[in-house]
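Colleague: Start counting the sequence shown at 373; every next residue gets the next number (our numbering).
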Amino acid sequence: MSELEPPIGPTVAAQLLESRRITPEKAVEVRHLTLRVADPAFQFVEGQSVGVVVPGPHPFGNPYHLRRYSIANARPRPEDETVALDILVRRCFYIDEISGERYPGIASNFLCDARPGQDITLSGPYRSPFQMPQDKTANLVMIGTGTGVAPFRAFAQLIYERRGGWDGQVRLFYGGRTGLDLAYANDEETNLADYYDQASFKAFKSLASNSLMSSSDALQRGLRENLDEVWGLLQAPKTHVFLAGLGKIAQVLDKVMSERAGSVEAWQSLKQGMIQEGRWSELIY
Ligand SMILES: Cc1cc2nc3c(=O)[nH]c(=O)nc-3n(C[C@H](O)[C@H](O)[C@H](O)COP(=O)(O)OP(=O)(O)OC[C@H]3O[C@@H](n4cnc5c(N)ncnc54)[C@H](O)[C@@H]3O)c2cc1C
Numbered sequence: 373m374s375e376l377e378p379p380i381g382p383t384v385a386a387q388l389l390e391s392r393r394i395t396p397e398k399a400v401e402v403r404h405l406t407l408r409v410a411d412p413a414f415q416f417v418e419g420q421s422v423g424v425v426v427p428g429p430h431p432f433g434n435p436y437h438l439r440r441y442s443i444a445n446a447r448p449r450p451e452d453e454t455v456a457l458d459i460l461v462r463r464c465f466y467i468d469e470i471s472g473e474r475y476p477g478i479a480s481n482f483l484c485d486a487r488p489g490q491d492i493t494l495s496g497p498y499r500s501p502f503q504m505p506q507d508k509t510a511n512l513v514m515i516g517t518g519t520g521v522a523p524f525r526a527f528a529q530l531i532y533e534r535r536g537g538w539d540g541q542v543r544l545f546y547g548g549r550t551g552l553d554l555a556y557a558n559d560e561e562t563n564l565a566d567y568y569d570q571a572s573f574k575a576f577k578s579l580a581s582n583s584l585m586s587s588s589d590a591l592q593r594g595l596r597e598n599l600d601e602v603w604g605l606l607q608a609p610k611t612h613v614f615l616a617g618l619g620k621i622a623q624v625l626d627k628v629m630s631e632r633a634g635s636v637e638a639w640q641s642l643k644q645g646m647i648q649e650g651r652w653s654e655l656i657y
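1. At the level of alpha carbons, what is the spacing between Asn-481 and Arg-463?
2. What does DSSP give as the partner residues of Ser-578 in its beta bridges?
3. Bridge partners for Ala-656 per DSSP, in chain order?
4. Go ahead and pull the three-state DSSP assignment for Phe-465.
5. Can you name the residues that DSSP bridges to Met-514?
6. Can you round the beta-carbon distance between Thr-517 and Leu-591 to whole angstroms, since I take them to be within the 8 Å contact cut?
7. Rounding to the nearest angstrom, what Cα-Cα distance links Ser-653 and Asp-569 in this structure?
8. Over the uninterrupted beta strand (DSSP E) stretch that includes Glu-390, give me the two end residues.
9. Look up Gly-496 in the DSSP assignment and say whether it is helix, strand or coil.
10. If you count every other CB in all the chains shown that lies within 10 Å of the CB of Arg-439, and 16 or more means buried, which is it?
11. With distances taken between CB atoms, is the gap from Ser-418 to Gln-529 smaller than 9 Å?
12. DSSP beta-bridge partners for Asp-458?
13. Does at least one heavy atom of ligand 1 sit under 8 Å from the Cβ of Asn-481?
14. Would the region 401 to 408 and the region 455 to 473 be scored as touching if the rule is three or more Cβ pairs under 8 Å?
15. Return yes when the C-beta of Trp-495 is under 8 Å from any heavy atom of ligand 1, and no when it is not.
16. According to DSSP, simplified to helix, strand and coil, what is Tyr-532?
17. Answer yes if the region 576 to 589 comes into contact with the region 472 to 489, meaning at least three C-beta pairs across the two stretches below 8 Å, and no otherwise.
18. In terms of residues, what are the limits of the beta strand (DSSP E) holding Arg-440?
19. Under 6 Å Cβ to Cβ from Met-629, same chain only, skipping five residues before and after it: list those, please.
20. Just list the residues that DSSP pairs Val-422 with in beta bridges.
21. How about Ser-391: is its Cβ closer than 8 Å to a heavy atom in ligand 1?
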């Protein structure tokens, strides 16, 4: 490990092993990257994220540009000699509100353009906001949009591959603007579909019905279409809820569930109970 000035702190050297586009050419570019960290002291658990430190020079004299990415695979096995980690990166742009011009996002474009063999500096891993229960009979409701699905892939690997199966019900509600946006749901080698044949796993993919709908809107539709299923699970005392992704997904869930509960207060009371019992966690960026 080496040390960069605060606020970045300790860093570790990684090498890009593989970079694969997992959305088709016509869709928003999302890539699955696999990195290798040679330092065995770098250990992580599911739900954590890493920082990617893009070397400068950068605009406004910033020496570094740091952005975080959720780790999309389960922790290393004891027999693994090196630490491999997967991340899911969407190529981002931002629009200048005054000029209307589009600029490439620094970190996501750096990662999407990186080639195998390239050295990449990482910071972290950072604390996971998620609390995965040890109890195999607990129900897991995972709700996300876009790249928010990354930590859910890590959880699916953990419970089905590393822990050998899960007895509680596992439900993934996943919203995208088009089917092409649904990273990991489309790609054959890296997808969550590997777990579709598990008796306890079920995924609900929901898509926008018109070009004005966002992925959060699509998620809202998917939740509404499967309301009895999700509502039934939310009543169960052993259900844990995980939210991840960009934008308004927390508001969407609050809206749909308040309607189902009959009032905002009734839903908030159920949700607060889950928060207090450590059965609710979210990562919104
Ligand atoms: C804990 C945490 C985990 C994250 N995990 C992931 C991840 O697994 N995969 C990932 O691609 N990003 C993830 N992000 C977002 C990521 O850190 C960067 O913000 C993103 O890559 C844009 O950085 P940039 O330097 O390219 O552009 P910036 O100049 O920082 O941002 C460009 C624009 O892109 C928008 N944007 C940022 N992230 C996304 C996104 N994922 N999808 C759509 N638009 C976005 C921003 O709102 C902004 O308008 C995560 C953020 C946090 C805080």
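The C-beta atom is built at its ideal place from N, Cα and C for all residues, glycine as well. These figures come from a predicted structure and were not determined experimentally.
Modeller: Put simply:
1. Whole-angstrom Cα-Cα distance: 6 Å.
2. According to DSSP, Ser-578 bridges with Gly-547.
3. For the sequence presented, residue 656 should be read as Ile rather than Ala. Under DSSP, the beta-bridge partners assigned to Ile-656 are Gly-617.
4. DSSP places Phe-465 within a strand segment (E or B) once states are collapsed to three.
5. The partner list for Met-514 (beta bridge, DSSP) reads Leu-544 and Phe-614.
6. The pair is a contact, with the Cβ atoms about 5 Å apart (cut-off 8 Å).
7. The alpha-carbon atoms of Ser-653 and Asp-569 are separated by roughly 26 Å.
8. For Glu-390, the uninterrupted beta strand (DSSP E) segment begins and ends at 381 to 393.
9. Annotated three-state conformation of Gly-496 is strand, per DSSP.
10. It counts as buried.
11. Rather than Ser, the amino acid found at residue 418 in this sequence is Glu. The answer is yes: Cβ separation under 9 Å.
12. DSSP lists Thr-406 as partners of Asp-458.
13. The answer is yes for Asn-481.
14. Touching, per the Cβ criterion.
15. For the sequence presented, residue 495 should be read as Ser rather than Trp. For ligand 1, not one heavy atom lies less than 8 Å from the Cβ of Ser-495.
16. Tyr-532 sits in a helix when the DSSP states are folded into three classes.
17. Short answer: they don't touch.
18. Per DSSP, Arg-440 belongs to the beta strand (DSSP E) from 436 to 442.
19. Excluding residues up to 5 positions away in sequence, Trp-639 lie with their Cβ nearer than 6 Å to the Cβ of Met-629 in the same chain.
20. Answer is Tyr-441, bridged to Val-422.
21. The answer is no for Ser-391.
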